[in-house]
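In my numbering, the protein residues as written are 407 to 573.
Even for Gly, the Cβ is constructed at its ideal location relative to N, Cα and C.
As the structure is a prediction and not an experimental result, all values here were calculated from the model.
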């Protein structure tokens, strides 16, 4: 089984049923559907919005060792979306997604700013708990898509670590 998270210009994540932040996605049985077909199905279930996922949207794959016997491989898919489309996804996620209120507690936008003194915004967001390798996928995508510079990310990560120590 493979796990295929997807992100929306990296500005969209979801609060999961277990209180962790992550990307939409789920398990795919390769003998039954392609990764892209499975991810499109999961996006419909979790977001209530139909998105066609293509091989071109694939960003990375990573072995994700865990306590389970399946030893899943996570496949990270990403694409840029216009603000209008993001708003449509947000509406659908809250009103028509079958998993809303069950597997998914809601969609959240990733703040791409840092307040003076290093507090708030991205550093605060990065100080929260993430499922699996979602945090590293987010960090990679923020820089890959030019949403923050590597220096801005490192500063945010430093402040996030300080914030976690204070908690």
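- Task: Between the Cα of residue 518 and those of 479, 548, 497, 489, spot the shortest distance and give me the residue it belongs to.
- Result: 548
- Reference residue 544; option with closest CA among 493, 484, 454, 442: 484
- Task: Quick one: residues in its chain with C-beta nearer than 8 Å to the C-beta of residue 422, no 5 flanking neighbours on either side, listed in chain order?
- Result: 428, 509, 510, 511, 537
- Task: Return the chain-ordered ranges of every beta strand (DSSP E) run that is complete within the region 455 to 535 and spans a minimum of 3 residues.
- Result: 464 to 469, 479 to 485, 510 to 515
- What is the DSSP secondary structure of residue 549, counted as helix, strand or coil? helix
- Starting from the C-beta of residue 451, find all residues in its chain whose C-beta is less than 6 Å away, skip the five residues before and the five after it, and write them out in chain order. 504, 505
- Best match in 500, 555, 551, 443 for proximity to residue 465 [C-alpha to C-alpha]: 551
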